[in-house]
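Worksheet: one structure, shown below.
Number of protein chains: 2
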Amino acid sequence: MRLDFSVAVHSLLYLQAKQPEKVTSAQLADLMAVNAVVIRNTLSLLHKKGYIKGTVGKNGGYTLTKKLAEINVGDLYDLTIPPILSYARFITGDVTANALDPDMASDMATSLTDLFTLADDHYRAFYHEFSMADLAQDLKHHGYFKTMAKEKGLI
Amino acid sequence: MRLDFSVAVHSLLYLQAKQPEKVTSAQLADLMAVNAVVIRNTLSLLHKKGYIKGTVGKNGGYTLTKKLAEINVGDLYDLTIPPILSYARFITGDVTANALDPDMASDMATSLTDLFTLADDHYRAFYHEFSMADLAQDLKHHGYFKTMAKEKGLI
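Same order as they appear, the protein sequences are chains A and S. Start counting the first sequence at 1; every next residue gets the next number (the numbering used here). Start counting the second sequence at 1; every next residue gets the next number (the numbering used here).
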C-alpha cells in the first residue's frame with residue numbers, strides 16, 4: 001500500500017531530473033524495480049491530478065507539469081494512500097446481545113475509532129509540512145528532513 | 001497488529017471496571033471476541049511491564065496495579081505495536097550496479113526511510129498526549145478526544 005506513495009515521489013523526482021526529456025512507464029519500472037502495473041496505476045493518478053502530462057504508446061512518455069516546490073508531499077500521500085474508512089478490523093469487542101458486556105464493547109469501538117482517526121489526521125499533517133523540493137533537498141543532503149522536523153516542532 | 005493495542009486498552013479498562021474482582025483471560029477473550037492466545041500474549045506483556053498482577057490457572061485472574069491516570073496511552077501503543085525497524089518493503093529503487101540509476105535509488109531509500117521514521121515518531125507522539133483516564137472519559141462522553149486534540153493543537 002505504502003509502495004504507491006514511494007512510486008509517486010520517485011517518479012516525480014526522476015521526471016524532474018530528466019527534464020525536458022519524456023520518461024516512459026517502462027523506464028520507471030526499470031528504475032524502481034517495481035511491477036509495471038503498479039507504475040501505470042500511480043502515473044494514471046498523477047496524470048488525473050495534473051502533476052504530469054503525456055501519452056502512452058509509441059513515442060509516448062511523461063513530463064512534469066509543476067515545479068517541485070509546488071507539489072506538497074502530503075497531497076501525494078493522501079492521493080496514493082487514502083485514509084482507512086473503517087477501523088473495524090483493529091477494534092475488539094463483542095457487541096451482540098448475549099456478549100459479556102455489549103455496551104462497553106460498543107463504546108470502545110466508538111472511542112477507538114475516534115482515537116485512530118484523529119491520530120491518522122495528525123500523522124498526515126506531518127507529510128503536509130513538506131514539499132517535493134524538500135524531498136529533493138534531503139536526497140542531496142541527508143538529514144535535512146530531520147533538521148526541518150525539529151525546527152518546526154514536529155518531533 | 002494494531003489489534004494488540006486494542007486488546008491492551010480494552011483489558012485494562014475492563015479490569016478497572018471490575019475492581020476489586022479478579023478477571024480471567026477467558027473472560028477477556030469472551031468480552032472481546034478475540035482468540036485467547038492473542039489475549040494471553042497481551043496480558044503477558046502488560047504483566048511484565050507491571051500494569052497488572054495476577055496468576056494463571058484455577059482461581060487465577062488479573063487485577064490492575066495502577067490508576068488509569070498513571071497509564072499513558074502512548075506507552076501502551078509502543079509496547080504493543082513496536083516501531084517498524086525497516087521500511088525496505090515500502091521503498092522503491094533498484095540499487096544494483098546495472099540498474100537505471102542506482103545512486104538515485106540509494107538516495108531515495110535513505111530519504112524515504114528518514115521521512116517514514118520521522119512521520120512515525122510524530123504519529124506516536126499523538127498517543128503519548130493521552131492517559132487511560134482520558135480514554136475512560138471518552139468512553140462515557142464520545143467526542144472528548146476530538147475536543148482535547150483540538151485544544152492541544154494536535155489536529
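Ideal placement from N, C-alpha and C gives every residue a C-beta, glycine not left out.
Can you give me the C-alpha to C-alpha distance between glutamine 19 of chain A and alanine 109 of chain S, rounded to a whole angstrom?
Straight across, the Cα-Cα distance linking glutamine 19 of chain A with alanine 109 of chain S is about 22 Å.
Among A/Leu154, A/Phe5, A/Ile155, whose alpha-carbon lies nearest the alpha-carbon of leucine 79 of chain A? The candidate whose alpha carbon is nearest that of leucine 79 of chain A is A/Phe5.
Exercise. With a 10 Å radius around its C-beta and 16 neighbouring C-beta atoms as the bar for buried, classify leucine 46 of chain A as buried or exposed.
Key: It counts as buried.
**Prompt:** From what residue to what residue does the beta strand (DSSP E) around isoleucine 155 of chain A run?
**Reply:** Where isoleucine 155 of chain A is concerned, there is no enclosing beta strand (DSSP E), because DSSP gives it neither an H nor an E.
(request) Quick one: residues in its chain with C-beta nearer than 8 Å to the C-beta of serine 106 of chain A, no 5 flanking neighbours on either side, listed in chain order? (result) Correct list, in chain order: Gly93, Val95.
Please name the residue in A/Leu139, A/Arg124, A/Ala149 whose C-alpha comes closest to that of arginine 2 of chain A. Here the closest residue by C-alpha is A/Arg124.
| request: For the region 55-65 of chain A and the region 11-26 of chain A, state whether three or more C-beta atom pairs, one from each stretch, are separated by less than 8 Å. | output: Taking 8 Å as the limit for Cβ pairs, the verdict is that the region 11-26 of chain A does touch the region 55-65 of chain A.
Evaluate contact between the region 8-19 of chain S and the region 139-150 of chain A, counting only Cβ atoms and requiring at least three cross-stretch pairs below 8 Å.
Short answer: they don't touch.
Practice task
Taking only runs that begin and end inside the region 8-94 of chain S, name each unbroken alpha helix (DSSP H) of 4 or more residues, in chain order.
Solution key: Taking only runs of at least 4 residues, the alpha helix (DSSP H) segments lying wholly in the region 8-94 of chain S are 25-32, 36-48, 73-80.
request  = With 7 Å as the threshold, decide whether the Cβ of arginine 40 of chain S is near any Cβ in chain A.
outcome  = With a threshold of 7 Å between beta carbons, arginine 40 of chain S makes no contact with chain A.
Taking only beta-carbon atoms, is isoleucine 52 of chain A less than 7 Å away from chain S? No, isoleucine 52 of chain A does not count as interfacial toward chain S.
**OP:** Alpha carbon to alpha carbon, how far is valine 37 of chain A from isoleucine 155 of chain S? Give it in angstroms, no decimals.
**Re:** Spanning the two alpha carbons is a distance of roughly 35 Å.
Give the residues from the region 22-38 of chain S that approach chain A closer than 7 Å (Cβ to any Cβ), ordered along the chain. Those would be Gln27, Asp30, Leu31, Met32, Ala33, Val34, in chain order.
- Message: Judging by CA-CA distance, which residue of S/Ile39, S/Asp30, S/Ile52, S/Lys152 is the nearest neighbour of alanine 99 of chain A?
- Response: Ranking the options by Cα distance to alanine 99 of chain A, first place goes to S/Asp30.
Beta-carbon gap between phenylalanine 145 of chain S and leucine 76 of chain A smaller than 7 Å
Contact annotation: phenylalanine 145 of chain S and leucine 76 of chain A have beta-carbon atoms that are not nearer than 7 Å.
*Distance, Cα to Cα, lysine 49 of chain S vs lysine 49 of chain A?*
Answer to the nearest angstrom: the Cα atoms are 48 Å apart.
* **Beta-carbon spacing of methionine 132 of chain S, isoleucine 71 of chain S below 7 Å** => Contact: yes.
(request) For valine 7 of chain A, return the contacting residues in chain S, with the cut-off set at a CB-CB distance below 7 Å. (result) Per Cβ cutoff of 7 Å: Thr92.
Should methionine 108 of chain S be flagged as near chain A, meaning a C-beta pair shorter than 7 Å?
-> Interface flag for methionine 108 of chain S against chain A is set, since a Cβ pair is found closer than 7 Å.
**Message:** For chain A, check one thing: does any of its Cβ atoms lie closer than 7 Å to the Cβ of tyrosine 123 of chain S?
**Reply:** Taking Cβ atoms only, chain A reaches closer than 7 Å to tyrosine 123 of chain S, which makes this a yes.
Proximal chain S residues relative to aspartate 114 of chain A, where beta-carbon distance stays under 8 Å: Chain order gives the chain S residues near aspartate 114 of chain A as Asp138, His142, Gly143, Phe145, Lys146, where near means a beta carbon separation below 8 Å.
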